[in-house]
Structure formats: structure tokens, C-alpha cells
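Working notes for the structure below.
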Amino acid sequence: MIEVSGISKSFGAVRAVDGVSFKAADGRITGLLGPNGAGKSTCLRILSTVLKPETGVARVGGIDLAADPLAARRTLGVLPHSSGLYQQLTGRENIEYYGRLHGLDEAALAARVDALIERLELGAIANRKAKGFSQGERTKIALGRALVHNPQHLLLDEPTNGLDVMATRHLRDWLRELRGQGRCVLLSSHVMQEVEALVDELVIIAAGKVTLTGSPAELADRFPGRSLEEIFVEAVRGAERSAA
Amino acid sequence: MKALFTVCRKEILETLRERRTLFSLLLGPLFGPLLFTAMINITVSRNLTSLDEVLQVPVLGAEHAPNLVAYLRARSIDPIEKHEVTDVERAAELVATGVYDVVLVIDESFDKDFGTQRAARVGLVFDRSKSRAASRVSRLRGAVDGYGQQIGALRLVANGVDPSLLRPFVVDELDVSTPASRSALMLGVLTYFLLFATLTGGLHLAIDTTAGERERKSLEPLLTLPVARSSLIVGKMTATVCYMLASLALTLVAFTIALKQMPLEQIGMSSNFGFATAALAFGLLCPFAPLGAALMTTVASFTKTYREAQTYLTFVLLIPTLPLAFATILNIEPEPKLMWIPSLSQHLLITTLIKDQPIDPALAALSVASTLAFGLAFGWLAVRLYRREAILG
């Protein structure tokens, strides 16, 4: 369970996130949707504890991030926007490195990495250096790396960026599987069609503010006769008008 | 603590696998000794040349002073009589363009003036800015002067005057430099090579673990792990120090081997640079590694890309030269009030070591303590910088 209430963050004169509040429940996939520069990445960065909010409270699994960031990080798996691998390490070593930094002992680590390699179908690339990996392969390893400590919460910043159709389908399958295991999945995207089929809950964010929340079905009920994309576009326009 | 070692081990392993960085790691240890060998060999061959070789000097107007020519020939100076030098202007031209180092010009009226009241004239054409020719010029001048003194003494004797009347006193020179201390001048350059190799050994890692990691976008996921940022950056700096010490050790071994092959005795220098000295030098230079690692990491923390960091760190590589330059120009001796300056204190201690003089343990302790303290201060700064949100860029 991820809870965010009234968080704000500025960079110089730019207010990137302005009083954002939302919840992401366990066993659900929550989509943070918004145009480029809306504040999605900043929200996720605050939740992954690399940025500190100026106002508001963020909790992950009931842990206040400001009070105990290390404890929160233990329950978080993070796939940041375009996350890089260590080029000279193999796919497997990249995952193992994160496992060791999470404090897993060697026996548990080996078992866990074997399981991840099998589930994510990494067999072919597990023992190759990350140097020549395709975008899809990089994302697979980065996802394995984020899941190595079996986290309850998963943050993904535009995970389908640069993936081809097959890789995108695989990713969706894995995320549904994680949801089925009762995990809390929070992902961001700027493309409505991409998340429509996947998310249980939508948080539409524009100009640093939450403009609309609800499940796709609820939104469809509230705005009859309109596609989700039309609803999204209108919500964003409204927010940008009031911000300007 | 465990995380710190995990980070350190991974950085060492990753760097070991990169051929390009390993190459640059070896560059420092090999570059210094090679350059040094070349320098010593040139000095040796130049000194030997000027002592034993027959010096060929074009002589203009040799026919006017056959006795002088014969005198020079007896001192292994070979006066070339048939040559393209036709007059003084031509001689100046040929010396200026480097065809000859020196030309002897005997005045047309030398034989007429010789033995009269008028002093006969002899000219030397040379280029003072050419240091390579200096020893040849002074050899020729010495021989010509010697001839003049010999003739003068003979004339005094012929007139019934004791020639020693012209020498009211004699200057005795007592050079107290030992072979080891003469070699110190040249071997003093060694300190810089050693400090340089220490820094270049950690250059890649200092950049890679800060600016490089940020540029490759692997920093943000790393910072979401349940590890204190101080453990991450200290682990990275520890790996950097390991590479720096490896580079220093390699350089010392290379120097020890290279110096053993060099004909140092032939130029009146002796080197006591054996493996025991190298080990002591390693101990004295060790504290410089953490300081260098922390300094380079701190500087690299401010930069956005690998290339940008490289540019700034080139200047960091020059920092240890400053105290060394002052020490050489001012001919500074080790004293307590100077030993707190990193790189200068190492230079002074290594120079003492090479001169085969005893090292004052108090001065060595001061150097080690002060350098480590500077290292801690910069290390603390690097940790502070790594904790900033702006580290993500």
C-alpha cells in the first residue's frame, strides 16, 4: 500500500509537484498518467526516496519515507526511467549485485536469481556482458534487479519506453502476475492506450496536480460516450489552462 | 560495512574487465620509468662524448698558426682544415644553422702579431643557446687558453721571470656532494612520476563511480537500495584507492628494475634504489592515495559527464607539481613546518631516501598524519556531495 498526501516539490522556480495526493492499493496496478513534464517522474522519485518532498507525507507499506527511508527501500522495487546496467557485468551479475546490496545471503541469492532468470526468460543473456544488450534485454535485467529482494511494492517509471510489441506484452504479463501475488504496482505512462488494458486504477496528473482519479470503468461511467483518451486529454487541458 | 565491501568488490571487478581502463592503468607505471631511462641515457651518452671523443672543429686560417693546430691535435681536437667555411660570416651562418657546434677562427695576422707587443687574435664562433654544444665549446676554449698560458709561461722564463709570479693564489675546489646526492637532482623528478602514477591509477574509477554512473543512468536505481549513501561512496573510493596503490606499486617495481639497468656510475651517480628502498617509498607515498581518491571523486562529483570530469581531473593531475616546482627552485630541505603539505612532504622524504640520508621518523609521521587528515577532509566532502539530491543531475 502506497499513500501519498499533499506532497510538493520545486526545482528552482518550477513547481514540479504541487500538493499531490493518491493511494495505490495492494493487489492492484495503479497507473500514474500524464503528459511529459507533468510531475510523474518527480512523484516516483519522491516515493523511491531519492528526492525529499518539501511538503506532505508519503508512506510505503505504512512506513513514513521521511522517518525511515532505509526501511521503506527494503519493501520497494524500483525501475527508474531509462535505468542503466553495468556494462562490464553479465546480466546475472547485475542482478546479484543488487541482491547483495539488499543484504541477501549467498544461498538465498543464488536461488532467487535462478528463479528470476527462469521466470523472466533471461537464460540466453544471463551470462553475457550487458554491453551489447538491446533495450528490451536491458529492461528485463533491470526488472529482475528491481525484484531481486522480493519487494511488496513496485515503482516503474515509463517501463514500456523503447520496448517492441513482444517485449511490451511480456512486461504486461509479468505485472499482472505480480498483481496476482498481492503486490502493489505503481507505474507511470504518458500514453493512455498503453495503460488502458493494464491498470486497475488511474491517477491523471497534469501541471504537478492530480486532476482525475478512478478505475477505467468508473471514468467511463462518469463521462459517458467518451473514450478514455478523450477524458485524459480534457483533464490535462483543463489543468494546464488553470495553471497558466 | 558489508555493503561497502560489496560495492568495492564490484567496482574493482568491473574495471578489471575493461581493457581500455586497464591499459590506462598500466600507462602511468610504464611511462615514468621509460622516460626516465631515456633521460639518463641521453645524459650518460652526452657526458661520455665530451670526454673521450675526438672533437672535430673547422679552423679558418689554420695556416697562420700551425703550432696551435698541432697543440690542439695533441689534445684530441681535430682541426679540419679543408671545409666550406670561407670567412667569419659564413662560419656564423653554419653555426647558427647547426651544421657545426663551434668554429675556430685564426686571425689573418696571427703569425705576424705572434711574438710582438700586439696580442695575436683567435676567435670562437658558437651558439650559447645550444646547451648540447656547451661542453664542446668549453673544451675547445680550455685547449686554446692552455696553449696561450703555455706560451706566456715560456716567454716569462725566457725573460728570467718566474711564471708563478702571475699566480698569486690557487683556487682549490672541494665538492662535498656524494655520488648519491648528485643523483638526487635527477632522481628527484622521480617523486613526481610516482605521485602522477598514483593519481592516474585511480582516475578512471573516480570518474566512473560518480559522473560515469550518472551518465549511464545506473545511479538512480543504485540510490533506491537500502544502503546508506556514505557506504556507497566510501566503497567506491576504497576501490579507487586499491587501483591507485596497485599503480604506485607497479611504478615502483618498474623504476627499481629500470634503475638497476642504467649506467648511473658512469656519470658519477650511484643509486641505492633497491627493493627495500622501494618498499619504504611505498610506505611513505601510501597516504597520498586516499587523498588523491577523495580529491578526484569530489571534483568529479560536480561534473555531469565522463568527458567533462576528464577535463577537470587533468588539472588535478597537475596539482602535485606545484609544491615540487617550488621545492626544486628554492632547493628546500625537509623541515617540520613544511611537512604538513601533501605532495611536498612526500617529495622531501623520497628525496632524502634517494640521497641515502636517514629519514627523521617524526617528519615521516607528520607527513603521513597530515596527508591522511587532508584525505579524510576531502573524503567527508565527497560523502556530503554524494548525499545531495543534485547528484542525480
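Chains as they are written, first to last, in this note's numbering: chain R, 952 to 1195; chain Y, 4 to 396.
Quick reminder that beta carbons are idealized off the backbone N, C-alpha and C, glycines included.
Below-8 Å beta-carbon distance, residue i vs any chain Y residue
i          : result
R/His-1104 : no
R/Gly-1035 : yes
R/His-1121 : no
R/Thr-1000 : yes
R/Lys-1003 : yes
R/Leu-1126 : no
R/Arg-1010 : no
R/Leu-1107 : no
R/Gln-1086 : no
R/His-1141 : no
R/Val-1136 : no
R/Leu-1129 : no
R/Pro-1110 : no
R/Arg-1025 : yes
R/Arg-1096 : yes
Test: residue i CB closer than 8 Å to a CB of chain R
i         : result
Y/Lys-263 : no
Y/Lys-307 : no
Y/Val-230 : yes
Y/Ala-6   : yes
Y/Leu-208 : no
Y/Ser-221 : yes
Y/Arg-20  : yes
Y/Glu-17  : yes
Y/Thr-9   : yes
Y/Pro-224 : yes
Y/Thr-213 : no
Proximity below 8 Å, CB of residue i to CB of residue j
i          : j          : result
Y/Leu-1    : Y/Thr-241  : Lying before the first or after the last residue shown, residue 1 of chain Y is absent from chain Y, which here runs from 4 to 396.
R/Leu-1098 : R/Leu-1138 : no
Y/Gly-204  : Y/Met-247  : yes
Y/Pro-345  : Y/Leu-366  : no
Y/Pro-401  : R/His-1053 : Only positions 4 to 396 of chain Y appear in this structure, which leaves residue 401 of chain Y out of reach.
R/Leu-1105 : R/Val-1136 : yes
Y/Ala-214  : Y/Ala-282  : no
Y/Gly-238  : Y/Phe-8    : yes
R/Thr-1162 : R/Gly-1133 : no
R/Pro-1031 : R/Ala-1157 : no
R/Glu-953  : R/Ala-967  : Note that residue 953 of chain R is Ile in the sequence shown, not Glu. Not a contact, by the Cβ cut-off of 8 Å.
R/Gly-990  : R/Gly-957  : no
R/Ala-1009 : R/Leu-998  : yes
Y/Thr-280  : Y/Tyr-195  : no
Y/Thr-301  : Y/Ser-250  : no
Y/Val-10   : Y/Leu-235  : yes
R/Val-1064 : R/Glu-1047 : yes
Pairwise C-alpha distance: residue j and residue i
i          : j          : result
Y/Leu-63   : Y/Leu-75   : 14 Å
R/Ile-1155 : R/Leu-1002 : 21 Å
R/Gly-911  : R/Lys-1082 : Because chain R spans 952 through 1195 in this model, residue 911 of chain R falls outside it and cannot be assessed.
R/Val-1187 : Y/Leu-395  : 28 Å
Y/Val-319  : Y/Lys-13   : 26 Å
Y/Thr-328  : Y/Thr-212  : Checking the sequence shown, residue 328 of chain Y turns out to be Ala, not Thr. Whole-angstrom Cα-Cα distance: 32 Å.
Y/Arg-124  : Y/Asn-44   : 39 Å
Y/His-350  : Y/Ala-330  : 8 Å
Y/Ile-335  : Y/Leu-193  : 16 Å
R/Glu-1169 : R/Leu-1153 : 10 Å
Y/Leu-38   : Y/Ile-353  : 19 Å
R/Ala-1075 : R/Ala-1062 : 18 Å
R/Ala-1077 : R/Ala-964  : 45 Å
Y/Arg-22   : R/Ser-1193 : 56 Å
R/Ser-961  : Y/Ala-393  : 13 Å
Y/Ala-95   : Y/Phe-129  : 8 Å
Y/Gln-360  : Y/Trp-343  : 20 Å
R/Thr-981  : R/His-1100 : 21 Å
R/Gly-1050 : Y/Ile-260  : 45 Å
R/Ala-1023 : R/Asp-977  : 15 Å
Proximity test, residue i beta-carbon vs the ligand MN heavy atom, cut-off 7 Å
i        : result
Y/Val-57 : The ligand content of the structure shown is nil, which means the ligand MN is not present either.
Original post:
Looking at C-beta atoms only, is the number of pairs between the segment 4-20 of chain Y and the segment 201-220 of chain Y that lie closer than 8 Å three or more?
Top reply: yes
**OP:** Note down, one range per segment and in chain order, each alpha helix (DSSP H) of at least 4 residues found wholly within the segment 218-256 of chain Y.
**Re:** 222-226
Original post:
Any contact of the segment 96-109 of chain Y with the segment 58-72 of chain Y, i.e. 3+ C-beta pairs under 8 Å?
Top reply: yes
**OP:** Examine the Cβ distances between the segment 290-299 of chain Y and the segment 372-381 of chain Y and report whether three or more of them are shorter than 8 Å.
**Re:** yes
Original post:
Okay, do the segment 1033-1051 of chain R and the segment 1089-1098 of chain R touch, 3+ Cβ pairs below 8 Å being the bar?
Top reply: yes
Original post:
Which runs of the beta strand (DSSP E) spanning at least 3 residues fall entirely within the segment 958-1041 of chain R, listed in chain order?
Top reply: Runs of the beta strand (DSSP E) inside the segment 958-1041 of chain R: 965-975, 979-984, 1006-1011, 1027-1030.
Subject >> Given 8 Å, three or more beta-carbon pairs between the segment 127-144 of chain Y and the segment 162-176 of chain Y >> reply: Touching, no, given that fewer than three Cβ pairs across the two stretches are closer than 8 Å.
Subject >> 4-residue-minimum alpha helix (DSSP H) runs that sit fully inside the segment 1030-1107 of chain R, ordered along the chain >> reply: 1042-1052, 1057-1070, 1086-1098
**OP:** Would you mind listing the alpha helix (DSSP H) stretches within the segment 7-68 of chain Y that are 4+ residues and don't spill past its ends, in chain order?
**Re:** Here the runs fully enclosed are 22-55.
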